[in-house]
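Undergrad: In the numbering used here, the protein residues as written are 2 to 156. We put the CB at the ideal spot given by N, CA and C, even for glycine.
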């Protein structure tokens, strides 16, 4: 069986029986290992449904948050390769990263969309684009990440 980095990160908590222990704490909210694992698997299924496959790269244009962690783990569970980007850098640097890494997918939010637009306008073939928004129930542990897919070009 092939190794999967997402499973390697999530499995030890389950094996130790830490499901309800806090995995993340942010802004006064706690995210259990079980919740993080469940949501990461939901993300992985959604990404797979969008056509993401193992070894393809996914560029993250997202601020640090619990959702970032969940998306990151979901990408790993698919077997894809997360590509990070410093949001303090500019469109020129982003364009270089996109050309160099050739991501299949870019994960962003409304706050990072202008940076993406500035960089994408200089690319010959921009990747597919998914804007992610967390539905309110996901914060309560009952929902999932909801991909809002806006294609820059169709594949």
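Taking the alpha-carbon of residue 158 as reference, which of 101, 34, 103 has the nearest alpha-carbon?
TA: The structure shown has nothing for residue 158, since the chain only spans 2 to 156.
Undergrad: With burial defined as no fewer than 16 other Cβ atoms inside 10 Å of the residue's Cβ, what is the status of residue 118: buried or exposed?
TA: Exposed, since its Cβ has fewer than 16 Cβ neighbours within 10 Å.
Undergrad: To the nearest angstrom, how far is the alpha carbon of residue 51 from that of residue 25?
TA: Spanning the two alpha carbons is a distance of roughly 27 Å.
Undergrad: According to the neighbour-count rule (16 or more other Cβ atoms, all chains shown, within 10 Å of its Cβ), is residue 29 buried or exposed?
TA: The residue in question, residue 29, is exposed, as its Cβ has fewer than 16 Cβ neighbours within 10 Å.
Undergrad: Does the distance from the C-beta atom of residue 120 to that of residue 88 stay below 8 Å?
TA: Against a cut-off of 8 Å, the Cβ pair of residue 88 and residue 120 comes out as no contact.
Undergrad: Is the beta carbon of residue 62 closer than 8 Å to that of residue 86?
TA: In contact: residue 86 and residue 62 (Cβ atoms closer than 8 Å).
Undergrad: By Cβ distance below 7 Å, which residues in the same chain neighbour residue 67 in space, the five residues on each side in sequence not counted?
TA: If we look at residue 67 and ignore the five residues flanking it on each side, its Cβ neighbours are 25, 27, 32.
Undergrad: DSSP beta-bridge partners for residue 30?
TA: Its beta-bridge partners are 27.
Undergrad: Quick one: give me the first and last residue of the beta strand (DSSP E) that residue 83 is part of.
TA: Per DSSP, residue 83 belongs to the beta strand (DSSP E) from 82 to 84.
Undergrad: Quick check: the Cα distance between residue 13 and residue 57, rounded to an integer number of angstroms?
TA: Roughly 26 Å between the two C-alpha positions.
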